[in-house]
Ligand SMILES: Nc1ncnc2c1ncn2[C@@H]1O[C@H](COP(=O)(O)OP(=O)(O)O)[C@@H](O)[C@H]1O
Ligand SMILES: [Mg+2]
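See below:
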């Protein structure tokens, strides 16, 4: 069941077509007509409707500067929307952040602290939360093993390759068991081979432990390879142009990249993206 | 080791030798009077004869410089912590910190002596005023200019102000404070000598500053030259020692993590 929702760039209809239900308890992120105007006057987002269901992997693609990073920051509770309603786990994002570990965030750069070892970096969020050091060590060992970095526990970030640093960054975001994993072009700075490896690793982690992900990328093939749904945004002020349900299921591997169905999904997303770009 | 020594130490020594020989030849060739320019040999003989005075004076000056340095490190970092709290604090106070950097120390030193009396405390204060700025400004930069994404990461995980300070800002500032301390270390000795000019402790415990004043007053130019040499050596030793300590501290704290 592959469903494509396309939409004219007409803001007044967008919330109808991408409606998110009150009575859908499985929604982790629910955005209704969300917009934000920065104090500088820039209207970055306007009329954005999006729902992300529990366990779903949703990618956001769109022209650069359309507000993708801004939307992730809103979900993370770092910014407050100036229009519409946004909830994370049924609460306002800032409230959600303050009361529970609502989000794990992975930036484009690994953002590791250079004066901490890999292990100390990995459990930083748990340390900030006040988890005792013995318990942290258990979690660190579990996650180091999961991302294959056990022997680098005591290494410094500077001693790792770019791909390994990103694995630490992903493990750090997931180790605090957030309601949603937010990733902002995490693999954009990596070479193709490393990126491919990390994409598969991310799928493997998801199959192993199951988490909800909102993933920003400008790489269409990456979005299709990873996601259940690819959501295309319009140029600034950003809102939803349309979405492509991917539906390749859980077991994806490198062979999928050569598949004809894969190529056709990429074309669909690329087409939407072209309509979104002025 | 030998190779490095011969590369870093020999050339300046060779240059010094050439200058000293040239200086000797000039003094002899133009038959300059010794109260104007003494010969290197005369300076060396005078320095040797007054070695205990010079050594003692150097130690007195060193004590003033080290106390001034310590004060700069402690107060410089403490004030930087206040500055790091808010942009409006920096905006309203930083101009006065720059004042420390630009005010001519010879104008302020007499004031300090008037307020704190002639003696050790005034010497330490002059040394402090002269050397605090590099530490202060570097510490502020290190505390404030952390990666905004790292700040967001800490915010996402609900870090307290205290956690952001101790786990992010302070560790980030350490290498910069150390770099500032290296610049300051040379200034502390100059500050102590200038301080002694104005607040010398008199004949009982003369530092290099006092010895310089005395020898110039008595036109003992050989001793004056020897004092200049001793001051330079003292400044150099403090600078090199600080560099060594800095290296050890950095190696301890973040080797090799910092070299990302
Ligand atoms: N803190 C801010 N203040 C003012 N304008 C901002 C701020 N953050 C982002 N913007 C603006 O909002 C728009 C969207 O930015 P961003 O979300 O980073 O885009 P994207 O991630 O899609 O490339 C851009 O025009 C950007 O200049
Ligand atoms: Mg962005």
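Chains as they are written, first to last, in my numbering: chain A, 71 to 348; chain B, 15 to 274. For glycine and all other residues, C-beta sits at the position ideal for the given N, C-alpha and C.
Looking at residue 135(A) and ligand 1, is the gap between the Cβ and the nearest heavy atom below 7 Å? yes
Coarse secondary structure for residue 218(B), derived from DSSP in three states: coil
Member of 164(A), 240(A), 168(A) whose CA lies at the smallest distance from the CA of residue 191(A): 240(A)
Considering Cα atoms alone, identify which of 90(B), 44(B), 203(B) is closest to residue 155(B). 90(B)
Of the listed residues 267(A), 304(A), 98(A), nearest to residue 134(A) (C-alpha basis): 304(A)
Whole-angstrom distance between residue 98(B) and residue 157(B), CA atom to CA atom: 6 Å
Between the C-alpha atoms of residue 371(A) and residue 248(A), what's the straight-line distance to the nearest angstrom? No statement about residue 371(A) is possible, as the shown extent of chain A runs from 71 to 348 and does not include it.
Where residue 116(A) falls: helix, strand or coil (DSSP): strand
Below 9 Å between beta carbons is the criterion; list the residues of the segment 143–163 of chain B that meet it against any residue of chain A, in chain order. 161, 163
What I want to know is whether the C-beta of residue 108(A) ends up closer than 7 Å to one or more non-hydrogen atoms of ligand 1. yes
Evaluate contact between the segment 202–213 of chain B and the segment 136–145 of chain B, counting only Cβ atoms and requiring at least three cross-stretch pairs below 8 Å. yes
Against chain A, does residue 264(B) count as a neighbour if the rule is that its beta carbon must be under 8 Å from one of theirs? no
Quick one: what's got a C-beta closer than 8 Å to residue 80(B)'s C-beta in the same chain, skipping five residues either side? 202, 252
So, for residue 212(B): in the same chain, excluding its five sequence neighbours on each side, which residues have a beta-carbon less than 6 Å away from its beta-carbon? 123, 124, 127
Can you check which of these residues, 261(B), 171(B), 55(B), is closest to residue 39(B) by C-alpha distance? 55(B)
Could you confirm whether any beta carbon from chain B is found closer than 8 Å to the beta carbon of residue 168(A)? yes
Pull up the CB-CB distance for residue 237(B) and residue 64(B), whole angstroms please, since I reckon it's below 8 Å. 6 Å
Min CB distance residue 108(B) to chain A below 8 Å: no
Starting from the Cα of residue 169(A), find the closest Cα among 176(A), 175(A), 160(A), 177(A) and give me that residue. 160(A)
Reduced DSSP secondary structure (H/G/I, E/B, other) of residue 141(A): helix
Near residue 114(A), what residues of its chain come up, given a Cβ to Cβ distance below 7 Å and the 5 sequence neighbours on each side ignored? 106, 108, 137, 140, 306, 307, 308
Amino acids of chain A, ordered along the chain, whose beta-carbon sits closer than 9 Å to that of residue 166(B): 143, 146, 148, 175, 177, 181
Using the three-state DSSP reduction, which class does residue 278(A) fall into: helix, strand or coil? helix
Should the segment 231–239 of chain A be called in touch with the segment 175–193 of chain A, which here means at least 3 C-beta pairs below 8 Å? yes
Give me the subset of the segment 171–195 of chain B whose CB atoms are less than 7 Å from a CB atom of chain A, sorted by chain position. 171, 172, 173, 177, 185
May I have the straight-line CA-CA distance separating residue 199(A) from residue 165(A), to the nearest angstrom? 16 Å
Work out the CA separation of residue 344(A) and residue 279(A) for me, nearest whole Å. 35 Å
Which of the three DSSP states, helix, strand or coil, is assigned to residue 296(A)? helix
Thinking C-beta only, is residue 176(A) closer than 8 Å to residue 158(A)? no
Enumerate in chain order the residues of its own chain whose CB-to-CB distance from residue 19(B) is below 8 Å, with the five nearest sequence positions on each side excluded. none
Just mark residue 335(A) as buried or exposed, buried being the case when its beta carbon has 16 or more other beta carbons within 10 Å. buried
What residues are listed by DSSP as bridge partners for residue 254(A)? 286(A)
Any C-beta of chain B sitting closer than 8 Å to the C-beta of residue 339(A)? no
Would you say residue 195(A) faces chain B, with C-beta separation under 8 Å as the test? yes
So, helix, strand or coil for residue 44(B), using DSSP? coil
Return the first residue and the last residue of the alpha helix (DSSP H) that residue 127(A) is part of. Taken as a continuous stretch (DSSP letters only), residue 127(A) belongs to no alpha helix (DSSP H), being part of the beta strand (DSSP E) at 127–131.
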